[in-house]
Structures are given as structure tokens and as C-alpha cells.
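Counted the way the UniProt record's numbering counts, the sequence shown spans residues 1 to 254. A virtual CB, placed ideally from N, CA and C, is assigned to each residue, including glycine. Here the structure is a predicted model, which is why all the values come from computation and not from measurement. So the structure is just underneath, and the comments pick up after that.
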Amino acid sequence: MPADFEECGRFAWRACRDGTVEILHSLDTTTISDSTMIDGLTPLVLGGVLCGQEAFESAAVQVIESTAGTADAGWAAFYDNSVVELTSGTSPFGPVHRQARSLVRGHSVLEVGCCFGFLALQLAEDGHAVSACDITAGAIDHLTRQATRRGTPVDAVVGDATRLPFATDSVDTVTLIHLLEHLDEEAAIQAILEALRVARERVVVAVPFEDEPSEHYGHLLRLTEADLRRWADRVAHAGARTFTDHGGWLVLNP
């Protein structure tokens, strides 16, 4: 390792004269995945090297794109390895996706706040008719390209969770998996109402339980199971249940 880099967990870093940070890593197309990228960057966040969501996301993109000879090859490896880890359960987030997939009812599914769309890809490869939306156009572009490359049909569109661009009663299940903690209280309720409007059979909500909201992930709310029950009390539905499994879950019947 060059002498001017400082080790920090699995990665190393140095400050540049322009105020940016250069990160050194050993990940390649066989090892890059969502979990290995997060494992590498988290110590830099905890150490104060990366501050805030924008810095974290910028570093993540640079790590992914530097694992191969081209950015496209880096993204392809990132997606393929991440889906394998999530499906097999070797990713720390795998249990959340496994639970979400088990709670889907009916054939058609909408994943709201899909981010990279790993769950949407798994659901489509399970045989569901899948739509996905996220407020970030870049995330939708990546998902669309990778779904096409993998031959996996996912209808991905840019959309706001509080104003879903989908018709009433248009899909069987709507999922909001680790999305609502990114919103304030009233926006979270509006997102649940929108999901209930669009869903015919079920709405599935999952949130992390954190001591403090994770700033680098853009989290705003610290949530407990009591918050999920309170949310259920604030919306009209035909049945609700909450439970805990690697965080909190709220399952609503429209």
C-alpha cells in the first residue's frame, strides 16, 4: 500500500488537495457486491472520512466502477454478485429480502423505493410480473440496463412514493422495503396510503430498527414496532399485523 494512504477497515484512503478523498481497495469483479461495498465504506463513515449521504453514494459509485476495466463491467458484476448473495442468504440483508418475497400475494408486484432493484429482480426471477419505482433517475437507469442484460422483465420507472404513477387497484402486492425511514412522518403515512390505493391484495412494509437514524443512508426516522402499529392506526385498511424479523414489518390488507 502506498505510504500516504491510511488503512481504515478493508479499505485505505488519503485526502486530496482539492478536498476530495481517494479510496484504495482490492475488490474486483469476483468480490464486488452490495455487502462488500458497504463493509468497505462503513469504517470510513464511522471514522469521519465520509460524511453524509452524498459523499457515501459518490464513493460507492466510484468503488463499483473501479472494479473492472469499464464502468459497465463493474456494474454488471456488482448486480450479479449482489443478487446471488441476497438469494442465497449470504448477504446480511438476505433475510429481509427472503421475508419480503415470502409475504407477496398474487402475481403482480410493485416495489416502491427500489433503489438498485435487487428485490425487484429476484421477484421477477421468482415468476412475478414486477414493476419498480424510485425517485432517483440514476437508480432506475441502472436497474433498467441490468434487467435488460440479465433478460429479466422489470418495468422500472421514476416515481415518488407519495404520488405513485400507478392506477388504483392495479397490482396485487405493493412493497415498501426499507423506504419509509427515509421520509418524515407525514410523508411516510402518505406513502402507505398510496400503496394501499394501488394494491389489490397486500401492502408489505419493512423498516430497520436503529439506535440513531443512519445519516449516510439518508435515514430520517428512528422507528420501533410501536411506530408501525401507530401508522396502521392512521390509515384505513381491512387488516394489519406487525412483527419483528431483522427489523420491523407491517403487513396491511387494502
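Item	Value
Exposure label - R241; buried when at least 16 CB within 10 Å	exposed
Any 3 or more C-beta pairs closer than 8 Å across the stretch 55–72 and the stretch 23–40	yes
Nearest-angstrom beta carbon gap, E6 and R14 [assumed within contact, 8 Å]	7 Å
Where the beta strand (DSSP E) containing V158 begins and where it ends	154–158
Sequence-distant residues of the same chain with beta carbon closer than 7 Å to N81, five excluded per side	I32, S33
Nearest candidate by alpha-carbon position, reference V112, set L121, V154, S58, T175	T175
Per DSSP, the bridge partner or partners of T144	Answer is none; T144 lacks a bridge partner.
Beta-carbon contacts of E201 that lie in its chain and below 8 Å, excluding the five residues immediately before and after	R105, G106, D172, T173, N253, P254
Residue closest to E57, alpha-carbon to alpha-carbon, out of T136, A100, V205	T136
Rounded separation between D233 and L50 - CA only	39 Å
F243: first and last residue of the uninterrupted beta strand (DSSP E) it sits in	240–244
Exposure label - A73; buried when at least 16 CB within 10 Å	exposed
For S131, the three-state DSSP class (helix, strand or coil)	strand
CA-to-CA distance, A206 to A226, given in whole angstroms	13 Å
Whole-angstrom distance between T148 and T244, CA atom to CA atom	35 Å
Inter-residue spacing [alpha-carbon to alpha-carbon] between Y217 and V157	22 Å
contact_flag[the stretch 138–154, the stretch 114–125] where n(CB pairs < 8 Å) is 3 or more	yes
Closest residue to P213 among A236, A199, E181 (Cα-Cα distance)	E181
Cross-strand partners of I23 (DSSP beta bridge)	W13
Three-way DSSP call (helix, strand, coil) for D184 in this model	coil
Candidates D126, R101, G19, L223, of which the one nearest E210 by Cα	L223
Alpha helix (DSSP H) segment containing I38, residue limits	34–46
Collapsed DSSP secondary structure at D172 in the structure displayed	strand
Cβ shell of S91 (< 6 Å), same chain only, five flanking positions each side left out	S35, E85
Candidates V154, L193, A71: closest to D160 by CA position	L193
Beta-carbon spacing of V96, A132 below 8 Å	no
Burial state of residue 290 (16 or more Cβ within 10 Å)	Nothing can be reported for residue 290: it is not among the residues displayed for the chain, which extend from 1 to 254.
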